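**Q**
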Amino acid sequence: MEAARGAHPLSAEMPASQARTGTIALTVLTILTIFGVIFGLYMGLVRAGTDIDQGSVQRIFYIHMPSFFGAMLAFGAAVVGGIMYLRTRQHKWDTLSLAGVEIGIALALVNLVTGAIWARPIWNTWWNWDPRLTADAIMVLTYAAYLMLRSGIDNPDTRRRFAAVYGIIAFTSVLMVLIIPRIIPTTIHPVVIGPVFTSSELAQGGFELQATAGVGAALGINFIVWMFLIPITLLWHRIRLQNLADRVEAMKTEALSS
Amino acid sequence: MSRRARLMIAAALLLAAGAAFAQEAEPQRDLVTLYSHPTERYHVFIPPGWRDDSTPQFAQIERGTTQIVARSFPAGDVEAALAQTLTEFLPNLADLTPTLLDPVTLNNGTWQIALYPPEEAGTLTGFVQRFEDVTYVLLMFSGADSRPIFLPIPADGSLSAAVEAAAGLAGFTDAAVINEGAEPVEVAGQAYTPFTLTQGALEINAFARTVGGSAFVLVHGLPDDAAIFSIVLDFFITPETTDYLYLGVAATAIVLGLLVFSMFLRARALRADLRTLQQLKADAA
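Right, here's the structure in full:
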């Protein structure tokens, strides 16, 4: 059935020259990402001034915030993949969805863990059930459930259809993380970017950066690295891995049927 | 990947970028003038109108005949830190021995006031805080004989009683408040209530305000010297949180490292499977 749709990994193999170009491009992107991470860390940990209220731990911010937006991009890719799969039933869109969720979970975990580590010296607790923190944890669990539920469905078509729908609906948990601190007045998690629609003074800029020079540059570079370079590079690698897995699976099926 | 697919991915990227950078301009906060020690992590507020003579080693500000210095000392006891500060900045008064008042806990730590005996040239008052085995000293010399004192507000909650108690600590043991001014005096952005006290024929002025459960009283001298209270209250120390930064970076490396390592292992296993399957296919052919 998949072969009829022109999406079978064996029948849809790229020409060798195109594959080689892709490999070169991915290699270049990977090297660029590695250098980007190193440069971003240098800017955040060395060049940017120290926040005089919070001390060095404030520098986690250069990873914490951009990694959330990196996760958002990856989860967004899962939504695109899900919509396109439901429309076209092409296997590659499901692959994009799966890759998006896996990479998104990793980046969301980075966001969650760095946030908890930052909170320990600043809020004097690793964790509290603040609405935004709770929404963030729910988001990670929602996507972790995606992977578990997906692996529990044997029929490939059912699995992909379910994953597509789940991946689209799960994105509401990402939106909740963005919306909650803007509308709930009791949140203590500050809104750093974008408008606020609540009267909470803490949400309205409680996280002030009283750092010296280099903060904007460090934040900008780390945004590029964590929001674009890392998720796109990892997505690409994960898609290639899935293509390889599908190819092996197809060969196994072929070997068993012959 | 088709052109349409690429367009969809590009649209998703733009959507995410738009969400991240959809910023509204936030109003710029007024920046206060601060002295920040380059290595000792303490910061001293410099009130408007005060001359800043600070160096990288210590903070030093002046206004008229009043001079305030701030220094830090690793470990050491309070008396030793005070003595060293005095020796460095006012060596001609180095022989003076202070009387230490009971510690008072404020928002930024527990402070102890050191009252030196009055000298002909002026009065000397020290403020000391210990934090993470470092002693921080603020020493104020007032040529106008100002005596800044903060103390817990007495049980009756009256500022007048606090002023009389502060005057007693400053050496005016029999002073009594005879007048509480209606018009507050503003110093360093804070309003102080003026008081007049008498001790026999001697008339003493004072300026006071409450902060939480404490009364800040400037006994005698010029109201401008009450700026020391703002300096003490705004004094802050950057916490040492570098270990948490390292922990955060390590946690990030572990999470992403595990992902990359798992992808590497999966890819290696799949390639091995692929080679085996290709071999089987070739053997079958």
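Going down the list, the sequences are from chains A and B. The working numbering applies: residue 752 is where the first sequence begins, and numbers increase by one. The working numbering applies: residue 409 is where the second sequence begins, and numbers increase by one. Yeah, the Cβ is synthetic: ideal placement off N, Cα and C, and Gly gets one too. Values in this document were obtained by computation on a predicted structure and should not be read as measured data.
For I904 of chain A, collect the residues of the same chain with a Cβ closer than 7 Å to its Cβ; drop the 5 residues on either side in sequence, then sort them by chain order.
**A** Counting from 1 along the first sequence, the entry for residue 904 of chain A is found at position 153. Same-chain partners within the cutoff: R910, F913.
**Q** Which residues in chain B have a C-beta closer than 9 Å to the C-beta of M794 of chain A? List them in chain order.
**A** For the purposes of this step, residue 794 of chain A is taken as residue 43 along the first sequence, with counting starting at 1. In chain order: nothing, as chain B lies at least about 13 Å away.
**Q** Cβ closer than 8 Å: which chain B residues qualify as neighbours of L860 of chain A?
**A** Along the first sequence, read from residue 1 onward, the residue named residue 860 of chain A stands at position 109. Neighbours of L860 of chain A on chain B, chain order: V663.
**Q** Can you list the residues of chain A that E648 of chain B reaches, using a CB-CB cut of under 7 Å?
**A** As a working mapping, residue 648 of chain B is identified with position 240 in the second sequence. The answer, in chain order, is G806.
**Q** Beta-carbon of L898 of chain A versus every beta-carbon of chain B: anything under 9 Å?
**A** Indexing the first sequence from 1 puts residue 898 of chain A at position 147. Judged by the 9 Å Cβ criterion, L898 of chain A is not in contact with chain B.
**Q** Since P907 of chain A is in the beta strand (DSSP E), which residue starts that stretch and which ends it?
**A** Mapped onto the first sequence, residue 907 of chain A falls at position 156. No beta strand (DSSP E) holds P907 of chain A; the alpha helix (DSSP H) holding it covers 907-934.
**Q** Three Cβ pairs or more, each shorter than 8 Å: is that satisfied between the region 582-596 of chain B and the region 500-518 of chain B?
**A** Touching, no, given that fewer than three Cβ pairs across the two stretches are closer than 8 Å.
**Q** Under a Cβ-count criterion, where at least 16 other Cβ atoms within 10 Å of its own Cβ denotes burial, should K689 of chain B be classed as buried or exposed?
**A** Along the second sequence, one-based indexing puts residue 689 of chain B at 281. So K689 of chain B ends up on the exposed side.
**Q** Three-state secondary structure (DSSP) at A478 of chain B?
**A** Stepping through the second sequence from its first residue, residue 478 of chain B is reached at position 70. Of the three classes helix, strand and coil, the one that applies to A478 of chain B here is strand, per DSSP.
**Q** Using a cut-off of 7 Å between C-beta atoms, extract the partners of H445 of chain B located in chain A.
**A** Counting from 1 along the second sequence, the entry for residue 445 of chain B is found at position 37. What H445 of chain B touches in chain A: nothing, since even the nearest Cβ is about 10 Å away.
**Q** Can you list the residues of chain B that W869 of chain A reaches, using a CB-CB cut of under 8 Å?
**A** Indexing the first sequence from 1 puts residue 869 of chain A at position 118. Near W869 of chain A (Cβ distances below 8 Å), the residues of chain B are Y652, G656.
**Q** Is D802 of chain A close to chain B, meaning its C-beta is less than 9 Å from at least one C-beta of that chain?
**A** Locating residue 802 of chain A in the first sequence gives position 51, where the first residue counts as 1. Yes, its Cβ sits closer than 9 Å to a Cβ of chain B.
**Q** Whole angstroms is fine: what's the gap from P982 of chain A's alpha carbon to I939 of chain A's?
**A** On the first sequence, position 231 is the one that residue 982 of chain A refers to. On the first sequence, position 188 is the one that residue 939 of chain A refers to. Those two C-alpha atoms are separated by around 28 Å.
**Q** Decide if E1005 of chain A is buried, meaning its Cβ has at least 16 other Cβ atoms within 10 Å, or exposed.
**A** Within the first sequence, the letter at position 254 stands for residue 1005 of chain A. Exposed, since its Cβ has fewer than 16 Cβ neighbours within 10 Å.
**Q** With a threshold of 9 Å between beta carbons, is H815 of chain A in contact with chain B?
**A** Position 64 of the first sequence holds residue 815 of chain A. For H815 of chain A, the answer is yes, since a Cβ of chain B falls inside 9 Å of its Cβ.
**Q** Hey, quick one: how far does the alpha helix (DSSP H) through I854 of chain A stretch, first residue to last?
**A** In the first sequence, residue 854 of chain A corresponds to position 103, counting from 1. From DSSP, the alpha helix (DSSP H) with I854 of chain A extends over 842-874.
**Q** Applying a beta-carbon distance threshold of less than 7 Å, which residues of chain B neighbour I811 of chain A?
**A** The count along the first sequence starts at 1 and reaches residue 811 of chain A at position 60. Here the neighbours are L653, G656.
**Q** Going by C-alpha distance, which of A:M978, A:L777, A:A969, A:Q809 is nearest W874 of chain A?
**A** Along the first sequence, read from residue 1 onward, the residue named residue 874 of chain A stands at position 123. Considering only alpha carbons, the answer is A:Q809.
**Q** Checking 9 Å against the spacing of the C-beta atoms, do A574 of chain B and V625 of chain B come in under that value?
**A** As a working note, residue 574 of chain B is residue 166 in the second sequence. As a working note, residue 625 of chain B is residue 217 in the second sequence. Yes. Within cutoff.
**Q** Could you have a look at Q598 of chain B and say whether DSSP puts it in helix, strand or coil?
**A** Within the second sequence, residue 598 of chain B is the residue found at index 190, counting from 1. In the structure shown, Q598 of chain B sits in a strand (DSSP, three-state: E or B).
**Q** Is the CB of A467 of chain B under 9 Å away from at least one CB in chain A?
**A** Here residue 467 of chain B refers to the residue found at position 59 of the second sequence. Answer no: the Cβ-Cβ gap between A467 of chain B and chain A never drops below 9 Å.
**Q** Which residues in chain A have a C-beta closer than 7 Å to the C-beta of T660 of chain B? List them in chain order.
**A** Counting from 1 along the second sequence, the entry for residue 660 of chain B is found at position 252. Under the 7 Å cutoff, chain A gives I814, V861, T865.
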